[in-house]
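K.L.:
Questions regarding the structure given below will be posed in turn.
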Amino acid sequence: MSITNETELQGMQKASEAVALTLKAMKEYAKPGMSTKELDDFGGKMLEEFGAKSAPFLTYKFPGYTCISVDNEFCHGIPHAQRILKEGDLINIDVSAELDGFWSDNGCSFILGNDINNHQKLVNASKEILQKAIANIKGGVRISDIGHLIETEAKKRGYKVIKNLTGHGVGRSLHEEPHEVACYRDRFNLTRFKKNSVVAIETFISTDSTIAETLADGWTMVGNRGGYMAQHEHTIVVTDCKPIILTEMNQIWD
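Numbers 56 to 309, taken from the working numbering, label the letters of the sequence shown in order.
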């Protein structure tokens with residue numbers, strides 16, 4: 056969507072507050088020994104208290120309030136009572152929701168407890184690259200140039216990017232134009248970021264894989280060459296200068 060008045064901006068801010076604070080709270084609530092369903096139920100209850108509804112459930116009938124992926128699962132992991140979290144797990148939580156007709160999206164990867172499996176470097180790379188990418192976005196910038204920046208920064212750190220997972224427009228539905236904000240230079244994508252547009256910017260930084268493949272459950276995605284992936288995501292409003300980061304209160308950069 057494109058922000059055309061103060062009411063729309065306030066609507067996006069309110070929806071973004073719901074998803075950002077839910078993500079932050081879920082990250083803090085996660086503990087070893089807890090099931091991913093218990094963590095998801097906590098997030099779902101918090102969204103309900105905001106008056107928000109799970110976006111993946113509304114849009115796709117996803118079997119959970121949020122997507123929770125663990126270790127070799129890259130994204131769209133289904134919360135499950137039998138999936139028990141352990142010390143050192145690499146966890147990704149993606150929270151998106153609708154509130155009063157406005158939709159917002161955010162996510163982060165983090166280490167549960169002590170980094171006994173040495174994933175922190177990957178997580179830090181994803182966070183830092185997202186921060187640099189967003190700092191370079193303004194009206195008129197080519198979307199493919201931001202993708203080039205993301206991939207270049209990943210390669211500098213010894214990592215790859217997932218090429219079939221992308222950021223996207225958001226606002227009046229979960230996925231809108233621009234439909235593909237890729238993490239690499241897509242030479243066929245000639246579109247540019249538009250001032251006042253609302254976009255979910257995501258990094259998909261991986262150790263070994265370049266493509267995400269869907270498992271037999273129809274949702275969970277893993278890498279075509281295995282390994283691990285870290286993802287971080289903010290919903291922003293594009294301006295003529297520094298973007299407005301609507302989900303900044305999730306504190307994923309802290």
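No residue lacks a Cβ here, since even glycine has one placed at the ideal position from N, Cα and C.
Take the Cβ of Glu72 as the centre, count every other Cβ of all protein chains shown within 10 Å, and call the residue buried at 16 or more, exposed below.
P.N.:
When all chains shown are included, Glu72 counts as buried.
K.L.:
Output yes or no for whether 8 Å exceeds the beta carbon distance between Ile256 and Ile189.
P.N.:
Yes, the pair counts as a contact, with Cβ atoms nearer than the cut-off.
K.L.:
So who's on the other strand from Ile123, going by DSSP bridges?
P.N.:
Ile148, per the DSSP bridge assignment.
K.L.:
Could you tell me which of Leu78, Ser261, Val150 sits nearest to Glu208, measuring between CA atoms?
P.N.:
Nearest option by C-alpha distance: Ser261.
K.L.:
Nearest to Asn179 by CA position, among Ala267, Leu140, Lys218, Cys163, is which residue?
P.N.:
Closest option to Asn179, Cα to Cα, is Cys163.
K.L.:
Measure the Cβ-Cβ separation of Gly66 and Phe157 and say whether it is below 8 Å.
P.N.:
Their beta carbons are under 8 Å apart, which means Gly66 touches Phe157 by this criterion.
K.L.:
Assuming Ile166 contacts Ile217 (C-beta within less than 8 Å), just tell me the rounded distance between them.
P.N.:
That belief does not hold up - the Cβ atoms of Ile166 and Ile217 are roughly 20 Å apart, past 8 Å.
K.L.:
Which term fits Lys86, buried or exposed, when burial requires 16 or more other beta carbons within 10 angstroms of its beta carbon?
P.N.:
Exposed, because fewer than 16 other Cβ atoms sit within 10 Å of the Cβ of Lys86.
K.L.:
What separation, rounded to the nearest whole angstrom, lies between the Cα atoms of Lys182 and Trp308?
P.N.:
Lys182 and Trp308: Cα-Cα distance of roughly 6 Å.
K.L.:
Could you give the first and the last residue of the continuous beta strand (DSSP E) run that contains Met276?
P.N.:
Its beta strand (DSSP E) spans residues 276-278.
K.L.:
Just checking my contact of Met56 with Gly226 at CB under 8 Å: how many whole Å lie between their CB atoms?
P.N.:
With 8 Å as the limit, Met56 and Gly226 qualify as a contact, their Cβ atoms being about 3 Å apart.
K.L.:
Would Asn234 be called buried (16 or more neighbouring beta carbons within 10 Å of its own) or exposed?
P.N.:
According to the sequence as given, residue 234 is His; it is not Asn. So His234 counts as exposed.
K.L.:
If distances are taken between C-alpha atoms only, which option among Ile123, Lys100, Ser151 comes closest to Leu140?
P.N.:
Comparing Cα positions, the closest option is Ile123.
K.L.:
With a cut-off of 8 Å, do at least 3 Cβ pairs link the stretch 146-154 to the stretch 100-116?
P.N.:
As far as the Cβ criterion goes, the stretch 146-154 touches the stretch 100-116, which means the pair count is three or higher.
K.L.:
Leaving aside the five residues before and after Asn161 along the sequence, list all residues of the same chain whose C-beta is less than 7 Å from its C-beta, in chain order.
P.N.:
Once the five neighbours on either side are set aside, the close Cβ partners of Asn161 are Val74, Ala75, Leu78, Val150, Glu288, His289, Thr290, Thr302, Asn305.
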